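Novice: Questions regarding the structure given below will be posed in turn.
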Amino acid sequence: MSTSYQFPADFVWGAATAAYQIEGAAAEDGRKPSVWDTFSKIPGRVKTGETGDIANDHYHRVESDVALMASLGLKHYRFSIAWPRILPDGTGAVNEKGVDFYKRLLDSLAKHGITPHATLFHWDSPQALEDRYGSWRSRRMADDFAAYADVVVRRLGDRISDWMTINEIPCFTDLGYGVGKPGVHAPGTQVAHRKEVLQTAHHALLAHGKAVKAIRAASPKPCKIGLVDCAGIPVPVTESAADIAAVKRAFQDQWLNGMVTFGALTGRYSELFLTHKGDKGEVPDIAPGDLEIISQPLDRWFLNIYSGTWVRAAANADGYELLDLPIGYPRLDMPWLNLMPESLYWGPRLVRECCGFQGEVMISENGCAAQDSINERGEIMDLDRVRYLRDYLRQAHRAVAEGYPLKGYFVWSLMDNFEWAWGYAKRFGIIYNIYESQTRIPKQSAKWYAECIRQNRVV
Ligand code: GCO
5 MSTSYQFPAD
15 FVWGAATAAY
25 QIEGAAAEDG
35 RKPSVWDTFS
45 KIPGRVKTGE
55 TGDIANDHYH
65 RVESDVALMA
75 SLGLKHYRFS
85 IAWPRILPDG
95 TGAVNEKGVD
105 FYKRLLDSLA
115 KHGITPHATL
125 FHWDSPQALE
135 DRYGSWRSRR
145 MADDFAAYAD
155 VVVRRLGDRI
165 SDWMTINEIP
175 CFTDLGYGVG
185 KPGVHAPGTQ
195 VAHRKEVLQT
205 AHHALLAHGK
215 AVKAIRAASP
225 KPCKIGLVDC
235 AGIPVPVTES
245 AADIAAVKRA
255 FQDQWLNGMV
265 TFGALTGRYS
275 ELFLTHKGDK
285 GEVPDIAPGD
295 LEIISQPLDR
305 WFLNIYSGTW
315 VRAAANADGY
325 ELLDLPIGYP
335 RLDMPWLNLM
345 PESLYWGPRL
355 VRECCGFQGE
365 VMISENGCAA
375 QDSINERGEI
385 MDLDRVRYLR
395 DYLRQAHRAV
405 AEGYPLKGYF
415 VWSLMDNFEW
425 AWGYAKRFGI
435 IYNIYESQTR
445 IPKQSAKWYA
455 ECIRQNRVV
């Protein structure tokens with residue numbers, strides 16, 4: 005069985021996108037700016053000078069995009085809801101026209117038998133809240149996010165039972181706020197001390213916890229809820245007992261794992277995080293009861309995994325060593341996209357073994373940018389992406405085969421889109437987009453992925 009890479013019958017095969025990266029229609033039907041609208045218009049912040057004003061024009065092409073998904077045999081679709089489309093001022097009056105857009109999307113998905121997985125926040129916070137109180141720098145953001153979650157679930161909860169609260173907390177906190185220099189993601193703020201950066205992550209975790217409660221209270225039907233984590237994944241150089249023990253130590257303090265993964269799943273920031281950051285005065289202020297709110301029981305834990313870090317045991321105080329990559333290490337088309345398929349196996353395993361999480365784990369993003377081109381027959385033969393996806397999915401299969409609770413996989417991304425500070429220069433889609441004409445062309449990887457879905461195995 006295991007060599008045919010067959011998945012269990014109920015394995016979730018999907019594709020993912022995010023609102024600001026595909027929707028466009030940035031000023032239409034009552035939507036007001038998000039911090040990404042503001043940030044992308046500041047010269048130099050996006051390498052190509054581009055914005056998400058039009059993006060994939062998905063707002064006007066929902067029906068044909070969903071039909072295209074259906075033609076690939078996709079049964080699950082992860083997308084995000086734009087807070088400033090629903091609540092243009094961040095709080096207060098609801099923009100029902102914005103809600104209607106998501107109803108159109110959801111009805112279209114239902115028509116094609118595709119299950120929606122909705123992310124409430126994928127980085128596009130309302131500019132109004134940035135102007136009012138500095139968005140994530142304030143605890144008020146957590147309450148306003150929970151109120152927004154309530155509004156969405158009351159209106160769309162009859163059509164959605166799979167919820168993701170927040171996508172990748174480190175990417176809009178740690179990358180949104182810089183010490184001594186502006187953050188490289190929106191809002192692109194400069195702060196004086198790293199503690200202030202970690203404080204924004206703490207507020208985002210509070211927002212997650214409060215939103216979980218709000219979703220459960222407002223949902224008209226049973227639903228499953230999780231947080232989308234981009235945990236740093238340490239991978240043992242050898243699968244020896246010593247290196248595996250080292251990896252479990254390292255998992256505690258890779259990037260913001262010590263806060264996000266451990267805070268939400270165990271109700272405590274990890275011991276190594278507190279030691280390392282405490283020494284430098286970087287641990288955020290934590291009010292009594294905060295970690296209780298942050299660690300709401302969850303049905304699912306979502307991991308966005310693209311790469312990892314090789315680790316080995318070491319005779320130092322931490323018990324591990326993170327290894328540098330040699331020059332020439334295989335990499336896809338991003339500086340950080342080092343080929344490390346084993347990360348897809350170790351992610352689900354470490355969440356279970358280090359945090360004791362007993363719920364379902366899903367890979368909510370995995371994929372790669374590649375230097376795609378159209379050949380004379382009009383095809384995109386992205387064999388590098390097929391190679392990448394196949395290697396990673398085989399490791400996902402290993403996790404399932406060994407009994408780790410990996411229940412699903414969403415490829416990033418359904419189609420090429422606005423890649424944040426890189427603009428449209430980086431293509432992550434399994435569907436190619438010609439932006440000038442908004443023509444969608446399934447790449448070879450899409451055809452390959454469709455066959456995986458059809459056979460329910462890695463082909
Ligand atoms: C991510 C983001 C995506 C990116 C992708 C490639 O969650 O980092 O969810 O929006 O486009 O990861 O960098």
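For the sequence shown, our numbering gives the first residue as 5, with consecutive numbering after it.
Heads up, the beta-carbon is just placed ideally off N, CA and C, and yes, glycines get one too.
This one's a predicted model, so the numbers in the text were calculated from it and none came from an experiment.
For Phe-43, name the three-state secondary structure that DSSP assigns.
Specialist: Note: Phe-43 maps to helix in three-state DSSP.
Novice: If you drop the 5 nearest sequence neighbours on each side, which residues of the same chain put their C-beta closer than 6 Å to that of Ala-317?
Specialist: Same-chain partners within the cutoff: Ala-246, Asp-247, Ala-250.
Novice: Of the residues Gly-230, Lys-252, Tyr-24, Met-344, which one's Cα is nearest the Cα of Tyr-396?
Specialist: It is Met-344 whose Cα lies nearest to the Cα of Tyr-396.
Novice: Between the alpha carbons of Arg-144 and Leu-210, how many angstroms are there, rounded?
Specialist: Going from the Cα of Arg-144 to the Cα of Leu-210 covers about 10 Å.
Novice: Could you name the residues that DSSP lists as bridge partners for Gly-213?
Specialist: DSSP output for Gly-213 lists no bridge partner at all.
Novice: Let me check you understand the geometry: is the CB of Asn-171 closer than 7 Å to at least one non-hydrogen atom of the ligand GCO?
Specialist: Yes; taking the cut-off as 7 Å, the Cβ of Asn-171 has a heavy atom of the ligand GCO nearer than that.
Novice: When DSSP labels each residue in this structure, what does Ser-38 get in the three-state scheme?
Specialist: Of the three classes helix, strand and coil, the one that applies to Ser-38 here is strand, per DSSP.
Novice: Only counting runs of 4 or more residues, tell me where the alpha helix (DSSP H) segments fall wholly within the stretch 229-291, in order along the chain.
Specialist: Fully enclosed alpha helix (DSSP H) runs of 4 or longer: 245-255, 264-270, 275-283.
Novice: Taking the continuous beta strand (DSSP E) assigned at Phe-414, which residues delimit it?
Specialist: Where Phe-414 is concerned, the enclosing beta strand (DSSP E) stretches over 410-416.
Novice: Drop a sphere of 10 angstroms on the beta-carbon of Tyr-436, count the other beta-carbons inside from all chains shown, and report buried for 16 or more, exposed for fewer.
Specialist: That one is buried.
Novice: Can you give me the Cβ contacts of Ser-347 inside the same chain, cut-off strictly under 7 Å, excluding the 5 residues immediately before and after it?
Specialist: So the list reads Ile-237, Val-239, Ile-309, Ser-311, Gly-312, once near-sequence residues are dropped.
Novice: Within 10 angstroms of the Cβ of Arg-381, are there 16 or more other Cβ atoms? Answer buried if so, exposed if not.
Specialist: So Arg-381 ends up on the exposed side.
Novice: Relative to the ligand GCO, is the shortest distance from any of its heavy atoms to the C-beta of Phe-2 smaller than 7 Å?
Specialist: Absent from the structure is residue 2, since the part of the chain shown begins at 5 and ends at 463.
Novice: Quick check on Arg-402: does DSSP put it in helix, strand or coil?
Specialist: DSSP places Arg-402 in helix when its eight states are reduced to three.
Novice: Measuring straight from C-alpha to C-alpha, what distance separates Met-5 and Glu-243?
Specialist: Interpretation of Met-5 is limited by its pLDDT of 47, a score under 50 that renders its predicted location unreliable; the figure taken from the coordinates is listed afterwards. Answer to the nearest angstrom: the Cα atoms are 23 Å apart.
Novice: How is the alpha helix (DSSP H) around Gln-131 delimited, first residue to last?
Specialist: Unbroken alpha helix (DSSP H) run through Gln-131: 131-137.
Novice: What are the start and end residues of the alpha helix (DSSP H) that includes Leu-61?
Specialist: Per the sequence presented here, residue 61 reads as Asp, with Leu not at that position. Per DSSP, Asp-61 belongs to no alpha helix (DSSP H) and is neither H nor E.
Novice: How many Å lie between Phe-432 and Thr-21 at the Cα?
Specialist: Roughly 10 Å between the two C-alpha positions.
Novice: With a threshold of 7 Å (Cβ to nearest heavy atom), would Phe-432 be considered close to the ligand GCO?
Specialist: Yes - the ligand GCO has a heavy atom lying nearer than 7 Å to the Cβ of Phe-432.
Novice: Within a Cβ cutoff of 6 Å, which residues of the same chain sit near Pro-37, ignoring the five residues on either side of it in sequence?
Specialist: Taken in chain order, the residues that qualify are Gln-131.
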